[in-house]
Every structure is written in C-alpha cells, then in structure tokens.
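Remarks on the structure that follows.
In our numbering, the protein residues as written are 972 to 1378.
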C-alpha cells in the first residue's frame, strides 16, 4: 500500500509539472520563481522525462504497486501526464517565431530589408524532433573546441573562455561572437548552451564563450568589467583563433543582461577599470531573455524573491541606499541612437523573466532612436529554451544566424 501511495504521489507531482509546462500562466501567479526550475527541466527534456516515467512504471509494477486502487489511480494520472507532455512536444514542431510582429515560416528570410540578394533560406528545412530525443545535432562533429583559454586575471581569479570554430575554416577571418552565459549572476557555466554554440560555429562563426566573476563573492558590476575585458581580449587575440577582432555580443538570461550592457554602454570607459584605453565596443548584440531594467523592479514591480536575489546576492547592497550602482549596471541607462543593431529574443512562456521585459526594452530602444532593433517572440518557449535542441531552438537558431548574416 505504501508503494502504491508513493507512486500516486509521484504521479501527482508529474501532473502538476505537465500542467505547468502546457499552461504556465495558470501557475505563474502562484508558483512564480519557486517551481520555475523544475518546470524548465521538464519542458526542455520531455522525451527523457517520459522515458524515465516508463522505467519508473515498470519498476513499480514489478513490486506490485498496481495491485491496489491507489496504484491504478496513480497509473492513470501518469498516463494523462505523459499524454499532455507528448502533445506539447508534438505541437513544438509547428510553432513559428514572430519577428517584429510577423510569423516567420521555415523558408522565409526574417530580415528581408537587410538581406543580401540571393540570401534565401533553404526550402524544406523544417525542425526535427530527433535532436531532442538524442540530445545531439550534426553540428557537433563539424566544430573544433579549444577549452579554458585564460583571457584575464583579476582579484586572484583566472578567467577563462572556450573557443568554438569550424573544422574546415577558410583562410580569411570569420566573424567573432562573444557568448556570455546565464545563471542569475551567481551560478552558471560557459558550457551551458552547447547546441547554440556548436550550431553557430558550424555556420561559419568563431564563438568565444566566456566565464566571469560570480556574485556574491564578486558583486555587480564585476561581471560587467570582465565582459568588457573579454571584448578587449578578442580585439587583440581573436585573429589568433581565426576570428575577427570585432565581436558581436550574445548572451542568455543574466548573460543577456551582460551582452546588452556590452552593446549599450560600449563607449563608457568608466566600466572598464584598469583598461580605459581599450576599445570595448561591439558590432551588434543578440539578447536572449535578458533583464535590462533593475530600477523598474524596485520602483514599479516589487517582488520579494527578485529583491532578495538582487540586494543580498547580486549587488550586496540596498537599492534605497545606493540606487546609482543599480542604475549604472542596467542597459536602459545607456540608451541612445548610437547603439549597434540588436536582436531581442524572448519566450512567451518565460515565468522567470516575463516577456514584457523584452517588450519594454524594445520600446525604449525605439524611443531612444536606436537605428536597428528587432524583437523575436517565441511562442510556447520557456526560460532558457535554447539549452536543448528542440524545434523551438532550431527555428530560433536560424533566425539568429540570419540576423548575424545581415551584420
């Protein structure tokens, strides 16, 4: 009986997560950030979750968990949960990202006004479910990776980066991308978005995936300083690895914030202490679900968990006592008409950083006179959706590559 009750309990947890994946807005007001991580993992790894559930069912069946009514109820709930998740996975095949209000089909160029003649997408390049099943893409075999190159030493810490570049490189230099990982500025790894980086390198870019000092040991703006130093390093050493000295900034979540800072504050030498003479401007930016407005959280959208994260861990100071430090660390404080081209990408099902953040940033960039900014909204996409090679990641990857080609 206890085994049956345990299976029923696990079934209810799975049903809760399945409903959260399929209808995240139903739960966002009640669970918010609390359950966002398990919901994210379930949505990214649906095939693996279903497979693990089947193994669990067989194990419980072997020990007689389904000999009682409680166990059978648990089995029915499990089947219902699997059905919801499989239906969600199947729906992903038909989801179209929306760029500047226009759904983009597979054979359509998302930026026709900036495309070169003949730069059309390949016909029939529809996304596949196979990469999601096996967590592997063809790009992996086409890319060389150089690990742990030291690009800065500061405060006794040796900061490193990984270099992704195509195996069959041409003689000329390839465009450089500086990729900044996420993790709420307190955790994370430069290797946490592998499919994105492998695909970009296979498409003809040299990707420099950087680490940076993490809070709370090193509060913001330390991470900003490190990313600026990485830009300066690429300008000096990028050609040694086959990349151009001028980089395009890219990042997700906290890394999206840092990439936006690189794009928006490129001319502010006060954010590069000790190397003020270096040019830290970037050619453009791809901002994946980044937070760009700290003051708005404290002034207009009070949230206890967000306040704790920012004040106790990320900045290690009170907003009311030192608001200027927060302002100087947010991209919206540096908006102007001189900002390079930007592509903002955000998932509609993001409960960690709601998509309204991208809407607001997009609008403020337009009001500031930014010459070129695009907003890519991805239906059904959760936070960090590009970590797994789902159809959402595949279609968004194509849009990223087409944006980069226009630069």
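Glycine included, each C-beta is placed from N, C-alpha and C at the ideal position.
Tell me, please, whether the CB atom of residue i is closer than 7 Å to any CB atom in chain D?
i	result
residue 1171	Absent from the structure is chain D; it holds one protein chain and no more.
Assuming residue i is part of the beta strand (DSSP E), what are its boundary residues?
i	result
residue 1214	1214–1223
residue 1179	1177–1181
residue 1107	Taken as a continuous stretch (DSSP letters only), residue 1107 belongs to no beta strand (DSSP E), as it is neither H nor E.
residue 1189	Careful: residue 1189 lies outside any beta strand (DSSP E) and carries neither H nor E.
residue 1124	1114–1125
residue 1256	1256–1259
residue 1275	It is not in any beta strand (DSSP E) - residue 1275 instead sits in the alpha helix (DSSP H) that spans 1275–1279.
residue 988	Residue 988 -> not in any beta strand (DSSP E); alpha helix (DSSP H) instead, spanning 973–993.
I need the straight-line Cα distance from residue i to residue j, nearest angstrom please.
i	j	result
residue 1298	residue 1148	27 Å
residue 1275	residue 1283	11 Å
residue 1264	residue 1254	22 Å
residue 1044	residue 1036	11 Å
residue 1143	residue 1154	35 Å
residue 1167	residue 1050	33 Å
residue 1335	residue 1365	29 Å
residue 1150	residue 1038	53 Å
residue 1124	residue 1223	24 Å
residue 989	residue 1249	50 Å
residue 1180	residue 1358	14 Å
residue 1053	residue 1330	34 Å
residue 1218	residue 1237	12 Å
residue 1395	residue 1269	Since the first residue shown for the chain is 972 and the last is 1378, residue 1395 is missing from the structure and cannot be characterised.
residue 1132	residue 1198	11 Å
residue 1295	residue 976	54 Å
residue 1196	residue 1071	32 Å
residue 1141	residue 1251	27 Å
residue 1368	residue 1271	34 Å
residue 1375	residue 1175	11 Å
residue 1261	residue 1023	32 Å
residue 1178	residue 979	47 Å
residue 1012	residue 1073	29 Å
residue 1187	residue 1128	15 Å
Within 10 angstroms of the Cβ of residue i, are there 16 or more other Cβ atoms? Answer buried if so, exposed if not.
i	result
residue 1279	exposed
residue 1286	buried
residue 1215	buried
residue 1101	exposed
residue 984	exposed
residue 1061	exposed
residue 1371	buried
residue 957	Within the shown structure, residues of the chain are numbered from 972 to 1378, placing residue 957 beyond reach of any answer.
residue 1138	exposed
residue 1326	buried
residue 1094	At residue 1094 the pLDDT is 49, less than 50, meaning the model places this residue with poor confidence; the figure from the coordinates comes in the next sentence. Its Cβ having fewer than 16 others within 10 Å, residue 1094 is exposed.
So the candidates are the options; which of them puts its Cα closest to the Cα of residue i?
i	options	result
residue 1121	1235, 1204, 1160, 1104	1204
residue 1246	1202, 1230, 1271	1202
residue 1289	1200, 1138, 1190, 1362	1190
residue 1085	1172, 1312, 1338, 1323	1312
residue 1221	1281, 1314, 1302, 1133	1314
residue 1324	1295, 1099, 1345, 1356	1356
residue 1362	1012, 1020, 1077	1077
residue 1232	1316, 1073, 1165, 1258	1258
residue 993	1352, 1374, 1378	1352
residue 1306	1296, 1217, 1342	1342
residue 1390	1308, 1350, 1326, 1318	Nothing can be reported for residue 1390: it is not among the residues displayed for the chain, which extend from 972 to 1378.
residue 1227	1316, 1310, 1266	1316
residue 1048	1067, 1059, 1028, 1063	1028
residue 1171	1187, 1194, 1067, 1113	1113
residue 1183	1213, 1152, 1163, 1209	1152
residue 1021	1194, 1059, 1134	1059
Where does the unbroken alpha helix (DSSP H) through residue i begin, and where does it stop?
i	result
residue 1075	No alpha helix (DSSP H) holds residue 1075; DSSP gives it neither H nor E.
residue 1392	Given a span of 972 to 1378 for the chain in the structure shown, any question on residue 1392 remains unanswerable.
residue 1151	Element bounds for residue 1151: not the alpha helix (DSSP H) but the beta strand (DSSP E), 1145–1151.
residue 1206	1193–1208
residue 1171	1165–1173
residue 1026	1017–1033
residue 1378	Element bounds for residue 1378: n/a, residue is neither H nor E.
residue 932	Given a span of 972 to 1378 for the chain in the structure shown, any question on residue 932 remains unanswerable.
Inset, instruction - At 3 residues or longer, and completely inside the region 1282–1368: list those beta strand (DSSP E) runs for me, N to C. - result: List check, beta strand (DSSP E) in window: 1313–1318, 1344–1349.
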